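Asker: What follows is a structure written as structure tokens; I'll ask about it next.
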Amino acid sequence: MYDLKGRVAVVTGSGRGIGRAIGLRFAREGCRVVFNARKRQDELDESVQQARTLGAEAVGVLADVSTIGGAGVLLQRALESFGGVDILVNNAGIGIFTPFINADEKLLERHLSSDFRSVVYTTRLFAQKMSDGGAILNISSIAGIQPMLGLSLYGAMKAAVNTLTRYLALELAPRLRVNTIAPGWVNTKLGRSMPELLGISLEDFAKKYTLTGRILEPEDVAEMAITMVRIESLTGQIIQVDSGESILGFQRQ
Ligand SMILES: NC(=O)c1ccc[n+]([C@@H]2O[C@H](COP(=O)([O-])OP(=O)(O)OC[C@H]3O[C@@H](n4cnc5c(N)ncnc54)[C@H](OP(=O)(O)O)[C@@H]3O)[C@@H](O)[C@H]2O)c1
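1 is the number of the first residue of the sequence shown in UniProt numbering; add one for each residue after it.
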């Protein structure tokens, strides 16, 4: 098993939601954690504070990882703060519900940048500096595996991340492992907004359209993140954490 104690973990998009939960979970394991957000300094400070309360060393870096410059700033600050990077979690992303017919150039650009370029830029820069034996974990979505109404561009970008995972696992081996978690709807600002647009609360959605009947919490995804980074024989895998949502499906019900 990959020992997490003392490792440096960088989690993009960790001012709140899934990214924060993953960062705090690494903090609990004794990692030194670099949190990141694009614009919400207050949320970033809160993530760092919570990690320090757990006894971990932590810093926060405000940087837009959908740009090469922003990804570079994040890497530089991580190296300055902790002298190296062992674990990279590409979590930053956006999800915007829009019927495909209304998906204009601006929306395409936003999804390309936030959900795909961010993974490419950050991974390319970090992979050159990460320690041997380190791990990269991407957060995609079950929308990248099965179609969901109104999420065509988002889903296509997440499918690209799933495919990229396998290519990167191939190209970066044996030095680094690359895996992906594809969550269902998770109880975050982003996750709550989507079912509500479809006229249903996340609670009712979970009751009706999952096998477990329970809402996915960011901590569920974080638990899988720790496990996937720990298992040294795991690479090139896309694991769904979705309460069985992808088995039931809800589009036609
Ligand atoms: N929630 C779900 O149901 C769900 C399901 C499947 C997959 N996912 C994926 O999980 C990831 C996290 O989602 P979430 O639900 O936790 O979202 P969230 O609650 O909206 O949080 C997103 C975080 O990412 C940051 N961020 C966004 N774009 C960024 C960028 N370009 N550079 C740096 N930071 C950036 C945000 O900071 P600022 O506000 O400061 O920009 C915020 O801290 C996303 O990739 C999402 O697609 C979510």
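Glycine included, C-beta positions come from ideal geometry on N, C-alpha and C.
Please read these numbers as outputs of a predicted model, since none were measured by experiment.
1. If you check the beta carbons only, do GLY93 and ILE139 fall under 9 Å apart?
2. Judging by CA-CA distance, which residue of GLY23, ALA182 and GLY19 is the nearest neighbour of VAL8?
3. Between the alpha carbons of GLN253 and SER47, how many angstroms are there, rounded?
4. Closer than 8 Å is the cut-off here; do at least three beta carbon pairs connect the region 113-131 with the region 85-101?
5. Which residue or residues does DSSP assign as beta-bridge partners of GLN41?
6. Please find out if some non-hydrogen atom of ligand 1 comes closer than 8 Å to the beta-carbon of THR53.
7. With distances taken Cα to Cα, identify the nearest neighbour of ARG166 among GLY244, LYS106 and GLN237.
8. Could you check where the alpha helix (DSSP H) with ASN162 kicks off and where it finishes?
9. Between HIS111, VAL33, ALA51 and GLY72, which has its C-alpha nearest LEU151's C-alpha?
10. Where in the region 23-72 do unbroken runs of the beta strand (DSSP E), each at least 3 residues long, occur, reported from the N-terminal end onward?
11. ASN90 by DSSP, collapsed to three states: which one?
12. Secondary structure at GLN253, three-state DSSP: helix, strand or coil?
13. Could you give the C-beta distance for THR210 and GLY244, rounded to a whole number, given that I count them as a contact under 8 Å?
14. If you draw a straight line from the alpha carbon of ILE68 to that of LEU79, how long is it in whole angstroms?
15. Just how far apart, CA to CA, sit ARG124 and GLU196?
16. Can you tell me whether PRO147 is buried or exposed, with buried defined as 16 or more other CB within 10 angstroms of its CB?
17. Taking the Cβ atom as the reference point for each residue, do GLU232 and GLY70 lie within a distance shorter than 9 Å?
18. Given ARG38, which residues of its chain have a CB within under 6 Å of its CB, disregarding the five upstream and five downstream residues?
19. In this structure, how does DSSP classify residue 255 when only helix, strand and coil are distinguished?
Answerer: According to the structure data:
1. Here residue 93 corresponds to residue number 93 of the sequence shown, with the count starting at 1. Here residue 139 corresponds to residue number 139 of the sequence shown, with the count starting at 1. Yes, the pair counts as a contact, with Cβ atoms nearer than the cut-off.
2. Taking the sequence shown and counting its residues from 1, one reaches residue 8 at position 8. The residue from GLY23, ALA182 and GLY19 with its alpha-carbon nearest to that of VAL8 is GLY23.
3. In the sequence shown, residue 253 corresponds to position 253, counting from 1. In the sequence shown, residue 47 corresponds to position 47, counting from 1. Reliability of the predicted coordinates at GLN253 is poor, the pLDDT of 47 falling under 50, and no value is obtained from them.
4. Taking 8 Å as the limit for Cβ pairs, the verdict is that the region 85-101 does touch the region 113-131.
5. Locating residue 41 in the sequence shown gives position 41, counting from the first residue. Answer is none; GLN41 lacks a bridge partner.
6. On the sequence shown, residue 53 is found 53 positions in, with the first residue counted as 1. No, the beta carbon of THR53 sits no closer than 8 Å to any heavy atom of ligand 1.
7. Locating residue 166 in the sequence shown gives position 166, counting from the first residue. Comparing Cα positions, the closest option is GLN237.
8. Counting from one through the sequence shown, the residue named residue 162 turns up at place 162. Taken as a continuous stretch (DSSP letters only), the alpha helix (DSSP H) holding ASN162 covers 152-172.
9. Working through the sequence shown from its first residue, we reach residue 151 at position 151. It is HIS111 whose Cα lies nearest to the Cα of LEU151.
10. Residue ranges of uninterrupted beta strand (DSSP E) with 3 or more members, entirely inside the region 23-72 and ordered along the chain, are 32-37 and 58-62.
11. Along the sequence shown, read from residue 1 onward, the residue named residue 90 stands at position 90. In the structure shown, ASN90 sits in a strand (DSSP, three-state: E or B).
12. Mapped onto the sequence shown, residue 253 falls at position 253. Confidence at GLN253 is low in this model, with a pLDDT of 47, below 50, so the placement of that residue is unreliable and no value is reported for it.
13. As a position in the sequence shown, residue 210 is number 210, starting the count at 1. As a position in the sequence shown, residue 244 is number 244, starting the count at 1. Between GLY244 and THR210 the Cβ distance is about 5 Å, and since that is below 8 Å, they are a contact.
14. The count along the sequence shown starts at 1 and reaches residue 68 at position 68. The count along the sequence shown starts at 1 and reaches residue 79 at position 79. If I take the Cα positions, the gap works out to 17 Å.
15. Residue numbering aside, residue 124 sits at position 124 when the sequence shown is read from its first letter. Residue numbering aside, residue 196 sits at position 196 when the sequence shown is read from its first letter. Their Cα atoms are separated by approximately 36 Å.
16. Position 147 of the sequence shown, counting from 1, holds the residue named residue 147. Exposed, because fewer than 16 other Cβ atoms sit within 10 Å of the Cβ of PRO147.
17. Working through the sequence shown from its first residue, we reach residue 232 at position 232. Working through the sequence shown from its first residue, we reach residue 70 at position 70. Not in contact: GLU232 and GLY70 (Cβ atoms no closer than 9 Å).
18. As a working mapping, residue 38 is identified with position 38 in the sequence shown. Cβ-Cβ distances below 6 Å link ARG38 to ASP64 in the same chain, with the five nearest sequence neighbours on each side left out; the list follows chain order.
19. Outside the displayed range of the chain (1 to 253) lies residue 255, so it cannot be described from this structure.
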